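In full-length UniProt numbering, the protein residues as written are 1 to 303. The C-beta atom is built at its ideal place from N, Cα and C for all residues, glycine as well. All values derive from a computational prediction rather than experimental measurement.
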């Protein structure tokens, strides 16, 4: 494997100066198809670094229960400190929809990253459309961790929807997004990716290794929305009706009901579910919910 140091960049996701490298995986002198972890060629990583890389035909393959996949494999030094790890897959004409395994030094699985663990983030600033997953690792002593990135035959056959640039432009200007179809990006066995590994020099961990993940925003939003809908239904049964029909074409909602829409729109945007947020916004506008448009634009611009 060959490494090329490109320089030092300020990462929006990290504090301080993050060294950025581009690495090229070369499986010439290793097993082309690894059948176990001992045959995998692991690239050693010292934090704090942002590593850009490609997954293509030059990468090693790994045999998984779901089938064979080209992989990227990293052996990350935690330095005995809390490690923040970010996995990013960039949308181009196609996208590598990743899964991943986080392992300890004994090749025991600490966490499996599935499809739902990767959140879609729309293009913003210098960052394009991307799939992102984040995890925090608290090791014991100087324990290292390993990251194996792969995909599955089922994912390769799929595709993903990204927000249309025209909609992004309208949102940035504070306007309602036009009704245009979003681009559909096919999945691929190859792609452009980034990992960011950073440590907090102020935190030295003496407790056993723990993995904490914050990449289940979609599931959390769905649970929160279900709870809000149940609570709204319960409130409507146990309290005096607060929806007053002004005429055949206009309905007035209570303050609580209007807040339900605004909070749900904000939560959907924060979870990366923009289509759901737009659907809720359409409902809110039809019901004359005050502040819905402003809440949507503010939530999108804060992402």
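Item checked: Where the beta strand (DSSP E) through residue 138 begins and ends -> Along the chain shown, one-based indexing puts residue 138 at 138. Start and end: 130-138.
Margin query: Suppose you measure from the CA of residue 243 to the CA of residue 161; what does that come to, to the nearest Å?
Written below: Reading the chain shown from its first residue, position 243 is the one you call residue 243. Reading the chain shown from its first residue, position 161 is the one you call residue 161. Low confidence applies here, because residue 243 scores a pLDDT of 36, under 50, leaving its location unreliable and the question unanswered by this model.
Checklist line | residue 62, DSSP secondary structure in three states | finding: In the chain shown, counting from the first residue as 1, residue 62 sits at position 62. Here residue 62 sits in strand by DSSP.
Margin query: In this structure, how does DSSP classify residue 270 when only helix, strand and coil are distinguished?
Written below: Sequence index remark: in the chain shown, residue 270 carries index 270 (1-based). Residue 270: helix per DSSP, three-state reduction.
Margin query: Here's a check: name, in chain order, each residue in its chain whose Cβ is nearer than 8 Å to the Cβ of residue 165, leaving out the five neighbours to either side.
Written below: Translated into the one-based positions of the chain shown, residue 165 becomes position 165. Once the five neighbours on either side are set aside, the close Cβ partners of residue 165 are 123.
Notebook entry, point to check: In terms of residues, what are the limits of the alpha helix (DSSP H) holding residue 154?
Noted result: For the purposes of this step, residue 154 is taken as the residue at position 154 of the chain shown. Its alpha helix (DSSP H) spans residues 153-156.
Notebook entry, point to check: In angstroms, rounded to a whole number, what distance separates the CA positions of residue 167 and residue 181?
Noted result: Position 167 of the chain shown, counting from 1, holds the residue named residue 167. Position 181 of the chain shown, counting from 1, holds the residue named residue 181. Residue 167 and residue 181: Cα-Cα distance of roughly 10 Å.
Next item on the list: Spatial neighbours of residue 290 within its chain, please: CB distance less than 8 Å, with the 5 preceding and 5 following residues excluded, ordered by chain position.
Entry: Here residue 290 is taken as the residue at index 290 of the chain shown, counted from 1. Same-chain partners within the cutoff: 258.
Note to self: Based on DSSP bridge pairs, tell me the residues matched to residue 73.
What the structure shows: In the chain shown, counting from the first residue as 1, residue 73 sits at position 73. BP columns for residue 73 point to 148.
Check: Which value, in whole angstroms, describes the spacing of the CA atoms of residue 169 and residue 127?
Finding: Looking up residue 169 in the chain shown gives position 169. Looking up residue 127 in the chain shown gives position 127. Rounded to whole angstroms, residue 169 to residue 127 spans 15 Å at the Cα level.
Next item on the list: Could you say which of 90, 271 and 301 lies nearest to residue 117 if we only look at CA atoms?
Entry: Stepping through the chain shown from its first residue, residue 117 is reached at position 117. With distances taken between Cα atoms, residue 117 lies closest to 271.
Check: Is the region 92-105 touching the region 170-178 in the sense that three or more CB pairs, one from each, lie closer than 8 Å?
Finding: no
Checklist line | Whole-Å CB distance - residue 145 paired with residue 76, under 8 Å assumed | finding: Stepping through the chain shown from its first residue, residue 145 is reached at position 145. Stepping through the chain shown from its first residue, residue 76 is reached at position 76. About 5 Å separates the two Cβ atoms, so the contact holds.
Checklist line | Whole-angstrom distance between residue 115 and residue 275, CA atom to CA atom | finding: Translated into the one-based positions of the chain shown, residue 275 becomes position 275. Translated into the one-based positions of the chain shown, residue 115 becomes position 115. Rounded to the nearest angstrom, the two C-alpha atoms are 18 Å apart.
Item checked: For residue 260, the three-state DSSP class (helix, strand or coil) -> Here residue 260 refers to the residue found at position 260 of the chain shown. In the structure shown, residue 260 sits in a helix (DSSP, three-state: H, G or I).
Check: Does DSSP put residue 305 in a helix, in a strand, or in coil?
Finding: Nothing can be reported for residue 305, as the shown portion of the chain is limited to 1 through 303.
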